[in-house]
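The letter at position 63 of the sequence shown is residue 65 when you use this note's numbering, and the numbering goes up by one with no holes.
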Amino acid sequence: MKIILGILALVMTISVSAQKKTFYDFSTKTIDGKPFNLSSLKGKKVLVVNTASKCGHTPQYKDLQSLYETYSSKGFTIIGFPANNFLSQEPGTNAEIQKFCTDSYGVTFPMMQKISVKGDDMDAIYRWLTLKAENGVMDAPVTWNFQKFMIDEKGNLIGMVPPKDNPKCDKILTWLNGK
3 MKIILGILAL
13 VMTISVSAQK
23 KTFYDFSTKT
33 IDGKPFNLSS
43 LKGKKVLVVN
53 TASKCGHTPQ
63 YKDLQSLYET
73 YSSKGFTIIG
83 FPANNFLSQE
93 PGTNAEIQKF
103 CTDSYGVTFP
113 MMQKISVKGD
123 DMDAIYRWLT
133 LKAENGVMDA
143 PVTWNFQKFM
153 IDEKGNLIGM
163 VPPKDNPKCD
173 KILTWLNGK
């Protein structure tokens, strides 16, 4: 009996001490190659978007920038991750992507280096975003460019918005306005 109680106590200790990863446990690099620790965003709502410069959804940059300008002073940010996973719609270098975003859409929200958002070379951040086994919430494989993931102020995934849905859709606006 003492052995069973000892094993049970050990299992409970391990499960209590094991912590679920949050968005803040990751780091990446900005589009200009500087280290970026996502824990620097603690306390903010974060919208994570995989982007592409030559996609039918590329005009969403305009509404993403508008959201950023409207809500950034209220504890919100957007993180863009360029990715070339869908029909080679993001073929450029990081420098070319940055120039395109700035010149074409006036993007001022943080853009990160180009990564892979699916497949064998999927970035660790996207593995966490897309796999319930990693994020504890849902499986949400990236289906196309401009899929949007909502992260709460504690670094937890709380939802996903499909690529075709505009960044100013009701789901995102309701989340941002705390309703």
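Glycine included, every Cβ here is placed at the ideal spot set by N, Cα and C. This structure is a prediction, so every number in the text was calculated from the model and none was measured.
Evaluate P143 with the Cβ neighbour count: other Cβ atoms within 10 Å of its Cβ, from every protein chain shown; 16 or more gives buried, anything less gives exposed. Exposed.
Look at the Cβ atom of K116, then the Cβ atom of P165, and state whether they are nearer than 7 Å. no
Does the region 107-122 touch the region 29-36, meaning 3 or more C-beta pairs lie closer than 8 Å? With a cut-off of 8 Å, the region 107-122 and the region 29-36 count as touching, because enough Cβ pairs lie within range.
C-alpha gap between P61 and N52, whole angstroms: 13 Å
Under DSSP, the beta strand (DSSP E) around L159 begins and ends at which residues? 159-163
Taking the beta strand (DSSP E) that I81 belongs to, which residues open and close that run? 78-84
Examine the Cβ distances between the region 35-52 and the region 162-181 and report whether three or more of them are shorter than 8 Å. Judged by Cβ distances under 8 Å, the region 35-52 makes contact with the region 162-181, as three or more pairs qualify.
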